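Structure record follows, encoded as structure tokens.
Residue numbers (this note's numbering): 5 to 303.
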């Protein structure tokens, strides 16, 4: 400690209580002397003891339990909302996923019926001799029928006539046709990388980025148009139902009934290149197809 007490002397000199240096010096000597009136002391007052360590630990434990219960409640709410969102993503009532599930189950049913009929024919080759239509069999009751979708095709024909109405330019018609909705259209596979798909025809009931789902007629395709007395249809062709056609390396024929009356009616055939439609239908509606030559078309 500085014995001259310069800082204390300066501070006391600014105080109005002291008028000269003598009083300041006297005060400082009493303040820092062992026998002076001003002693250094610590005031201790009686208290009630305050909070004990046990009470502090008990209070801390109570707060910890409260935080844990709040976290459990919040966590359960958050988990339920997360599970709800997860359920909504693949909700059974959601149209898209439900329709995909329906198509898969229909294809599985058709395959099972085809296998069952083949097993029966091995034991009894004349099983189908008196059956005019497989739709009359009880095992084929749940298979989709082409006749049930003819009205959808009629509505699509009315829709496409409205789309192309007012122009006779084929380029304009082709441009409009490339962006229109194809669900309900009657198409036929003319070329395909899969040989079994060639000649298949049906009404489109679903379109994805890579596939068309069509409902094909029973025992009615290109074989009935080549002049055979009795076409030899396969079991799958006789069953009919849903067929899944890949767009890649596939070309489709689409016919449009041109004309407002029966007298002026004219059917125009268009060939659709499946590779150019490898987009979703919602994206195709906004896509601009450019009129230029392409080199990757397989003829």
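Glycine is no exception: its CB is placed at the ideal position from the N, C-alpha and C atoms.
All of these numbers come straight from a predicted model, not from anything done at the bench.
Backbone CA spacing between residue i and residue j [nearest angstrom]
i	j	result
residue 9	residue 32	8 Å
residue 236	residue 190	23 Å
residue 214	residue 242	26 Å
residue 223	residue 147	14 Å
residue 182	residue 277	10 Å
residue 240	residue 152	19 Å
residue 1	residue 251	With the chain running from 5 to 303 in the structure shown, residue 1 is simply not present.
residue 134	residue 140	11 Å
residue 128	residue 193	34 Å
residue 5	residue 30	For residue 5, the predicted structure reports a pLDDT of 47, less than 50, and the residue's modelled location is therefore unreliable. A value from the coordinates is still provided. Going from the Cα of residue 5 to the Cα of residue 30 covers about 18 Å.
residue 117	residue 244	11 Å
residue 160	residue 112	28 Å
residue 57	residue 65	12 Å
residue 126	residue 136	19 Å
residue 262	residue 100	33 Å
residue 166	residue 155	17 Å
Buried/exposed call for residue i, threshold 16 Cβ in 10 Å
i	result
residue 162	exposed
residue 138	buried
residue 11	exposed
residue 218	buried
residue 198	exposed
residue 205	buried
residue 254	buried
residue 144	buried
residue 271	exposed
residue 34	exposed
residue 220	buried
residue 288	buried
residue 168	buried
residue 150	buried
residue 281	buried
residue 68	exposed
residue 124	exposed
residue 114	buried
residue 196	buried
residue 60	exposed
Beta carbon of residue i nearer than 7 Å to that of residue j
i	j	result
residue 164	residue 260	yes
residue 249	residue 216	yes
residue 246	residue 110	yes
residue 257	residue 273	yes
residue 157	residue 107	no
residue 28	residue 18	no
residue 211	residue 285	yes
residue 16	residue 22	yes
DSSP beta-bridge partners of residue i
i	result
residue 247	218
residue 211	216
residue 170	In DSSP, residue 170 forms no bridge with anything.
residue 192	205, 257
residue 25	None; residue 25 has no bridge partner.
residue 273	259
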